[in-house]
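Basically this note's numbering = 1-based index in the sequence shown + 73.
Where is the CB? At the ideal position from N, CA and C, for every residue including glycine.
Working notes, structure below.
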Amino acid sequence: MTRQQPHPKVGEIRALLEEGLNNRVIARRLDIDVRVVAQARKDAGLPPAPRSSWTRRPHPKERTIRLLLSEGYTDTAIRERTGADVGTIARMRTAGHFGPATIIRRPQRVHPKDAEIRALLRAGRSGNAVALELGVDRAAVRRIRAEAGIPKPAAQPLSLEEKWAAHTRPVEGGHREWTGERVGESRTPVMRYREKSYSPFVIAFRQRTGRDPVGRVQAECDLHQCVAPEHVEDEPGRTRLREQLSLVMGRAPRKPRCRRGHDQAEHGRYSPDGVPYCQTCHDGEAGP
Numbered sequence: 074m075t076r077q078q079p080h081p082k083v084g085e086i087r088a089l090l091e092e093g094l095n096n097r098v099i100a101r102r103l104d105i106d107v108r109v110v111a112q113a114r115k116d117a118g119l120p121p122a123p124r125s126s127w128t129r130r131p132h133p134k135e136r137t138i139r140l141l142l143s144e145g146y147t148d149t150a151i152r153e154r155t156g157a158d159v160g161t162i163a164r165m166r167t168a169g170h171f172g173p174a175t176i177i178r179r180p181q182r183v184h185p186k187d188a189e190i191r192a193l194l195r196a197g198r199s200g201n202a203v204a205l206e207l208g209v210d211r212a213a214v215r216r217i218r219a220e221a222g223i224p225k226p227a228a229q230p231l232s233l234e235e236k237w238a239a240h241t242r243p244v245e246g247g248h249r250e251w252t253g254e255r256v257g258e259s260r261t262p263v264m265r266y267r268e269k270s271y272s273p274f275v276i277a278f279r280q281r282t283g284r285d286p287v288g289r290v291q292a293e294c295d296l297h298q299c300v301a302p303e304h305v306e307d308e309p310g311r312t313r314l315r316e317q318l319s320l321v322m323g324r325a326p327r328k329p330r331c332r333r334g335h336d337q338a339e340h341g342r343y344s345p346d347g348v349p350y351c352q353t354c355h356d357g358e359a360g361p
């Protein structure tokens, strides 16, 4: 007589039998005939399931929980991943004979800029601002804020222009000096407002003109990095002022094309003292 081959899912059937589930629940879960389950129960010498198992519904994430248990995760880690109650997970661990967890969390390493991050957070800086300033991951900043119990700063009560004004001060001669944040080797003024960065020069230009600038905005006065609205110009305004200065100083009008043939209506510029030059030629000579 040919020996009957075991069912392909016999291992899963026996695991669920050991959890105390009844034949119909196991058959429905594994999509097999209930008679196959009954035979597996008989072969394993297991008694019928208690009546309480007839109405007990499996956990909606039971398969995921069992997989994580088999991989060695702790009950707490599985709860964080699935949202299941720790008691339910512990019961499934015992019923499934999974044994103790083998994946144990290692202590969190201290971030290289932990002290700097905490100092800026305590000073009231937003998470995005800290991440930008220190060049760190936003998730690390959020984790450190939570660990330190530092509350998020209140929403910015000032408007963009009001905050700009709060970080400037008048200087003799009608100039205005930036007293806020600066970045880079050139100490360029920058202002952060509601998780975004703004140029104080651009804000000053908009205050005076009511429009967005074209090209780079900078001061055209004799105070380095002045942010007075009356003293900043965008690319077209700067070219127009310097062209007027060139004419006042008696220089010849700029030629339509430079010695290399570049159209000066597009590439022509003026130095602060009104000397015309070709930006394309200048960039080429200054390059590598």
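{"Query": "Quick one: complete beta strand (DSSP E) runs, 3+ long, within the region 242–300?", "Result": "248–251, 264–266, 269–271"}
{"Query": "Between the region 186–205 and the region 256–269, do at least 3 Cβ pairs fall closer than 8 angstroms?", "Result": "yes"}
{"Query": "Taking all protein chains shown into account, do 16 or more other C-beta atoms lie within 10 angstroms of the C-beta of A163, making it buried, or fewer, making it exposed?", "Result": "exposed"}
{"Query": "Starting from P309, trace the beta strand (DSSP E) both ways and give me its first and last residue.", "Result": "Here P309 belongs to no beta strand (DSSP E); instead the alpha helix (DSSP H) covers 308–321."}
{"Query": "Quick check: what's the CA-CA separation for A157 versus C299?", "Result": "60 angstroms"}
{"Query": "Quick one: grab the DSSP three-state call for A331.", "Result": "Strictly speaking, residue 331 in this sequence is Cys, with Ala absent from that position. Looking at C331 - three-state DSSP - the assignment turns out to be coil, as it is neither helix nor strand."}
{"Query": "Could you say which of D295, H297, E293, S272 lies nearest to D285 if we only look at CA atoms?", "Result": "S272"}
{"Query": "By DSSP, does R342 sit in helix, in strand, or in coil?", "Result": "strand"}
{"Query": "Can at least three beta-carbon pairs, one atom from the region 303–322 and one from the region 288–295, be found at a separation below 8 angstroms?", "Result": "yes"}
{"Query": "Counting beta carbon pairs with one atom in the region 238–246 and one in the region 221–230, are three or more of them shorter than 8 angstroms?", "Result": "no"}
{"Query": "Quick one: give me the first and last residue of the alpha helix (DSSP H) that A163 is part of.", "Result": "159–168"}
{"Query": "Judging by CA-CA distance, which residue of L296, F274, V287 is the nearest neighbour of H248?", "Result": "L296"}
{"Query": "For chain C, check one thing: does any of its Cβ atoms lie closer than 8 angstroms to the Cβ of N96?", "Result": "Of the protein chains in this structure there is only one, and it is not chain C."}
{"Query": "When burial is assigned at 16 or more other CB atoms within 10 Å of the CB, is A219 buried or exposed?", "Result": "exposed"}
{"Query": "Would you list the one or two residues that DSSP bridges to I176?", "Result": "Y146"}
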